[in-house]
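Accompanying notes for the structure given below.
Pasting the structure below:
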């Protein structure tokens, strides 16, 4: 085992007990739990994290496991009520990320036609696929081809009847 620490971007996801938060913040307001989530969020943002979704935050900088442990200890001291209501608190090392937002964006037909040579490249790499190796480029190319096919698929009409 190597003693050398490696740096990665970190993701933090947590869950708090909302009933315990009502007692801690001494309120009958059913939404007081949001204040607890906001305080944790403010702490994480002030220490180099960005809010991703719900109670998920991502470090802006690369960190070691030691650095993240020190940060969580500091947060536990800064927010003494947290230990009374935390249900889950996970830290994940983030590896390579692939932004697939282009799948959700409408593209012009001419742009899609320019992508056709990529389909040929995928066929040429079929030997690589048969070995079970999938490269980042293959993932991106496959996702673009799927997006192309989906954009040409007939749209399903939604029923205007909202009854269950």
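In the numbering used here, the protein residues as written are 406 to 569.
Cβ coordinates follow ideal geometry from the N, Cα and C atoms, glycine included.
Would you decide whether residue 488 is buried or exposed? Buried here means 16 or more other CB atoms lie within 10 Å of its CB.
Residue 488 comes out exposed.
Rank 545, 439, 428 by C-alpha distance to the C-alpha of residue 502 and give the top, closest one.
Nearest of 545, 439, 428 to residue 502, Cα basis: 545.
Using the DSSP secondary-structure output, state which residues sit across from residue 416 in a beta bridge.
Residue 416 pairs with 463, 497.
For the region 423-431 against the region 458-475, do three or more pairs of beta-carbon atoms, one drawn from each stretch, fall closer than 8 Å, so that the two count as touching?
Contact between the region 423-431 and the region 458-475 is absent, because fewer than three Cβ pairs lie under 8 Å.
Excluding the 5 residues preceding and the 5 following residue 442 in the sequence, name in chain order all residues of the same chain whose CB lies nearer than 7 Å to its CB.
Once the five neighbours on either side are set aside, the close Cβ partners of residue 442 are 421, 460.
Can you give me the Cβ contacts of residue 434 inside the same chain, cut-off strictly under 8 Å, excluding the 5 residues immediately before and after it?
Closer than 8 Å at the Cβ level, and outside the excluded window around residue 434, lie 427.
Give the range of the alpha helix (DSSP H) segment to which residue 458 is assigned.
First-last for residue 458: 454-458, but that is the beta strand (DSSP E), not the alpha helix (DSSP H).
Whole angstroms are fine: how far does the CA of residue 418 sit from the CA of residue 430?
Answer to the nearest angstrom: the Cα atoms are 22 Å apart.
Reducing DSSP to helix, strand and coil, say where residue 445 ends up.
Three-state DSSP puts residue 445 in a helix.
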